[in-house]
Amino acid sequence: MSSKDGPSNDWLKLPQAERDAAYNNGAAVANSKAHSAERNAASAEFRARRPAKLDLAYGASERLKWDLYPAADPAAPCLAFIHGGYWQMNSREGFACLAEGPLAQGWSVAMPSHTLAPDASLTQIVAEIRAAFDWLAAHGVEHGVAGPIVAAGWSAGGHLTAMVLDHPAVAAGLAISGVYEVGPIRDTYLNEKLALTDAEIETLSPMRLPVVQKPLMVSYGAAELPALVANSEEFHALRAAAGATGALVPITGADHFTVLDELRSPDGILTRRLGELIPTHRP
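Numbering (my numbering), first residue to last: 844 to 1126.
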């Protein structure tokens, strides 16, 4: 299956169970529930230690909020991290501990949530994230976040990172284990809540859109599901062919969940490589 062309005939001939398994990260990683539970607990503790800039509304709905973790230097770069969960699970609160790595490098960190499917379509979710970056550009300074903004995200958040890379406030991006062609998703269990339309597949698949000429680092765990590995490699190749900058960073031995350890840790591979996206910054 060539992800940039959408589902192939071979893909569509697969039994439903095989198509579902191709994107089921939780089932593919035996200890995924334990890993997520540990991350959620660590994030709750982290938020409790840094309560000053939490739950800042960027819209009227309950989930349209930012958590900000400003660096000591307001002019430091800000990593704006979008959570994953196939657009239908999770929230910013469960990923707060990932701020530990960038903060140790002298960066600010910001984390938004969005409405989840089926309460919102993918079209609405993308629009909400764009509105979130509108808010951060307009109000970040008053909260101690005045430096260049690097959009980042994991899984569905990787897709949303690619979709917001063209936002005027975004200087660069870090997309981790993302989905850059959403066509195959319609043929899996994930579409029960997403209900993707033909128009959404055309307009919300980064593989089908003009390449954004800003730096975008694309990373994934080498032990992830083959469909996600291929999607990351093909998206990076598409961008490189168009002259766009940004490294392809496979994480040896990492799965869909442990890949985030490389951003959470102050010594993680992704943490240490953040400076490539904003090369003028020195922690």
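Quick reminder that beta carbons are idealized off the backbone N, C-alpha and C, glycines included.
A distance below 8 Å separates the beta carbons of V993 and A923.
Here L1059 carries a strand assignment [DSSP, helix/strand/coil].
For the options G949, A995, G927 and S951, the alpha carbon positioned closest to that of A960 is the one of G927.
With contacts defined by Cβ atoms closer than 8 Å, L1003 and I1028 do not form a contacting pair.
Pairing I1112 with I1094, the inter-Cα distance amounts to about 8 Å.
Assignment of beta-bridge partners to K876 by DSSP yields no partner. Partner residues in the beta bridge of D910, as assigned by DSSP, are M954. Its Cα nearest to that of A1097, the residue L1071 stands out among Y901, R935 and L1071.
Cβ-Cβ distances below 7 Å link S904 to T958 in the same chain, with the five nearest sequence neighbours on each side left out; the list follows chain order. Taking the C-beta atoms as reference points, W950 is found nearer than 8 Å to L1117. One alpha carbon belongs to G869, the other to K876, and they sit about 7 Å apart. When the alpha-carbon of A995 is set against those of L1008, H986 and M1050, the nearest one is in L1008. Taken through DSSP and simplified to helix, strand or coil, I968 comes out as helix.
Contact annotation, E1067 with M1050: C-beta distance approximately 18 Å; criterion of less than 8 Å not satisfied. Rounded to whole angstroms, P920 and S1108 show a C-alpha spacing of 18 Å. In the three-state reduction of the DSSP assignment, L855 falls in the helix class, which pools H, G and I. In the DSSP annotation of this structure, the continuous segment of the beta strand (DSSP E) that includes V1013 starts and ends at V1013 to I1019. Taking a 10 Å sphere around the C-beta of D853, we find fewer than 16 other C-beta atoms and assign the residue as exposed. Taking C-beta atoms as the reference points, M1060 and E1119 count as a pair closer than 8 Å.
In this structure, Y1023 lies near S1048, with their beta-carbon atoms less than 8 Å apart. Annotation for G990: A918, A919, P920 and C921 place their beta carbon closer than 6 Å to its own, counting only its chain and skipping 5 residues before and after. Secondary structure of I925 (DSSP, three-state): strand.
The C-beta of L855 has fewer than 16 other C-beta atoms within 10 Å across all chains shown, which makes the residue exposed. Assigned with DSSP and collapsed to three states, A885 falls in helix.
Between the alpha carbons of N933 and A865 lies a distance of about 21 Å. Burial check for D1110: the Cβ neighbour count within 10 Å stays below 16, so the residue is exposed.
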